[in-house]
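Asker:
Residue numbers (the working numbering): 19 to 549.
What follows is the structure, given as structure tokens:
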């Protein structure tokens, strides 16, 4: 939730999540003689064949390969197979696609990111990797202990392929917070293409209220217990105030207890396990939300759990998700008004960045970046509604334990002084935490409708940008629609207009074209000027 502005350059062409394109192709699994391929493997094989048979539509040709990323299997047998793409072994940024198939594996439709034909004249760089690394370091001043790692890619996020160096600079900034930028330059001419943040961050500016006396899942060890969740698999560790840029999956110290009693429930507690209790429990709530509501088995839908770090950095008033270590990191707050950022919607927000990276891979700048942040706000909020905790009650105020009493709000995002209520041609030039306001406003209107109302003791008054009156269908239905839109129809370069199309497709699939739900989704988009 960092609000550091990104470049004012047109942003549709400048960014992609660090893990959105894989460097190496994943070989297709070959079934053994004794075991028939499962439905996932069958769907992938059918999708590969459908791409080959419809090569012109997909822009698929010689020297390209498909890297399976995700598979959604519908109850009726239909499938939606998501691929990243490579060209001569190089990842194509903005080349991802989704193949939609019926129950018999027949091609039904496609969704593609911006790139169509990713071919370039040469995959041999003129600019050496070390030159790119040095230029990237120079372009990102103020990062301590910086490490610069270039990767050769086909950059086609704006639809025009370039051989490019995607160079990740990682280190630490003020108070040990994670600091990272990805700098993209043309590997032939050395011209700049763009830059974006390497970490997904959430700004912790509020007083985190803890969730009271709760039950948490721990694991017995010799002489006591540890904060390892035996049901979901995640482990919560003390980062020992190491700078976030130095934290990796193997860092930190596991929390242990001889009594299986953890923390003291106080704000600004000197008991280091107190923040860990909230982080551990709220990560579990997020896992359960995705599994029980959307049928998703973990962040990558593979059952693998993340590592959760508390006490990261020194007075780091923030939280983040990092793909490279598959982990969440939370700081200690500012030491005066803000405790550790481990409340329900914040932990749900950060884990959702991992889900987005594993599915649509929404580029973290421009309109796709706003959608990325909005998606984390939406599902972080839905985790709060799912948990229905009596202390951290459900609402449409994101990071509502803050001072002032929220960081962002859904009914009228502009009340934070920077977020956009309505779409405009310049919204993609805003910082992603402000352009996300359009998506957040849409979600509120589709869920609750326009006008004034009080929900769980909080008063909202949501306007519309076209002076229409919108009737909501409830956040459970809207979240279900948004999840399907994210995992089935969105790609790395989806814009707000594309999100409208994706969510209408999802509403059609779930409730039928022309249904009350379909019409509410359309009306809410029009109400935020997305037509």
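Every residue gets a Cβ at the ideal spot worked out from N, C-alpha and C, and that includes glycine. Computed from a predicted model, the values in this text were never measured in an experiment.
Starting from the Cα of residue 321, find the closest Cα among 327, 277, 251 and give me that residue.
Answerer: 251
Asker: Any idea if residue 222 is buried or exposed, counting beta-carbon neighbours within 10 angstroms, 16 or more meaning buried?
Answerer: The predicted model places residue 222 with a pLDDT of 28, which falls under 50 and marks its position as unreliable; any figure quoted below should be read in that light. The residue in question, residue 222, is buried, as its Cβ has 16 or more Cβ neighbours within 10 Å.
Asker: Below 8 Å on the Cβ atoms is my contact criterion, and I expect residue 174 with residue 117 to pass it. Report the Cβ-Cβ distance as a whole number of Å.
Answerer: Contact flag wrong, Cβ pair sits at about 19 Å.
Asker: Measuring alpha carbon to alpha carbon, tell me which of 460, 541, 299 ends up nearest residue 230.
Answerer: 299
Asker: Considering just the uninterrupted stretch of the alpha helix (DSSP H) at residue 514, what are its terminal residues?
Answerer: 514 to 529
Asker: Indicate whether residue 455 and residue 510 have their beta-carbon atoms separated by less than 9 Å.
Answerer: no
Asker: If I measure Cβ to Cβ from residue 544 and keep anything under 8 Å in the same chain, skipping five residues before and after, which residues do I get?
Answerer: 484, 486
Asker: Please return the same chain residues whose Cβ sits closer than 6 Å to the Cβ of residue 550, not counting the five positions on each side in sequence.
Answerer: Nothing can be reported for residue 550, as the shown portion of the chain is limited to 19 through 549.
Asker: Fully enclosed by the segment 373 to 461, which alpha helix (DSSP H) runs are 4 residues long or longer?
Answerer: 384 to 405
Asker: Taking the alpha-carbon positions, what's the residue 532 to residue 547 distance?
Answerer: Cα-Cα distance, rounded: 20 Å.
Asker: Is residue 358 helix, strand or coil when you go by DSSP?
Answerer: coil
Asker: Looking only at its chain, what residues have a beta carbon closer than 6 Å to the beta carbon of residue 291, apart from the 5 residues adjacent to it on each side?
Answerer: Excluding residues up to 5 positions away in sequence, 273, 280, 281 lie with their Cβ nearer than 6 Å to the Cβ of residue 291 in the same chain.
Asker: Run through DSSP, which three-state label would residue 508 get?
Answerer: coil
Asker: So, does the CB of residue 498 fall closer than 9 Å to a CB anywhere in chain B?
Answerer: No chain B appears in this structure, which consists of one protein chain only.
Asker: Tell me residue 169's beta-bridge partners as DSSP assigns them.
Answerer: 184
Asker: Alpha carbon to alpha carbon, how far is residue 535 from residue 491? Give it in angstroms, no decimals.
Answerer: 7 Å
Asker: Residue range of the alpha helix (DSSP H) that residue 312 falls in?
Answerer: 291 to 312
Asker: What's the C-alpha gap between residue 537 and residue 172?
Answerer: 39 Å
Asker: Identify whether residue 150 lies in helix, strand or coil by the three-state DSSP scheme.
Answerer: helix
Asker: Taking DSSP as the reference, what is the three-state secondary structure of residue 336?
Answerer: strand
Asker: Can you give me the Cβ contacts of residue 61 inside the same chain, cut-off strictly under 8 Å, excluding the 5 residues immediately before and after it?
Answerer: 89, 91, 97, 99, 119, 123
Asker: From what residue to what residue does the beta strand (DSSP E) around residue 213 run?
Answerer: 210 to 215
Asker: Please report the straight-line C-alpha distance between residue 137 and residue 205, rounded to a whole angstrom.
Answerer: 15 Å
Asker: For residue 470, report the span of its beta strand (DSSP E) as first-last.
Answerer: It spans 469 to 473 - the beta strand (DSSP E) in which residue 470 sits, taken as one unbroken run.
Asker: Where does the unbroken beta strand (DSSP E) through residue 256 begin, and where does it stop?
Answerer: Per DSSP, residue 256 belongs to the beta strand (DSSP E) from 253 to 256.
Asker: What residues in its chain sit with their C-beta under 7 Å from that of residue 232, if we drop five residues either side in the sequence?
Answerer: 299
Asker: Below 6 Å CB to CB, which residues in the same chain sit around residue 507 once its five sequence neighbours on both sides are set aside?
Answerer: 129, 520, 523
Asker: Suppose you measure from the CA of residue 440 to the CA of residue 459; what does that come to, to the nearest Å?
Answerer: 8 Å
Asker: I need the straight-line Cα distance from residue 140 to residue 446, nearest angstrom please.
Answerer: 31 Å
Asker: Going by alpha carbons, who is nearest to residue 253 out of 240, 241, 267, 242?
Answerer: 267
Asker: Classify residue 249 as buried or exposed, calling it buried when 16 or more other Cβ atoms lie within 10 Å of its own Cβ.
Answerer: exposed
Asker: What are the residues that DSSP puts in a beta bridge with residue 478?
Answerer: 471
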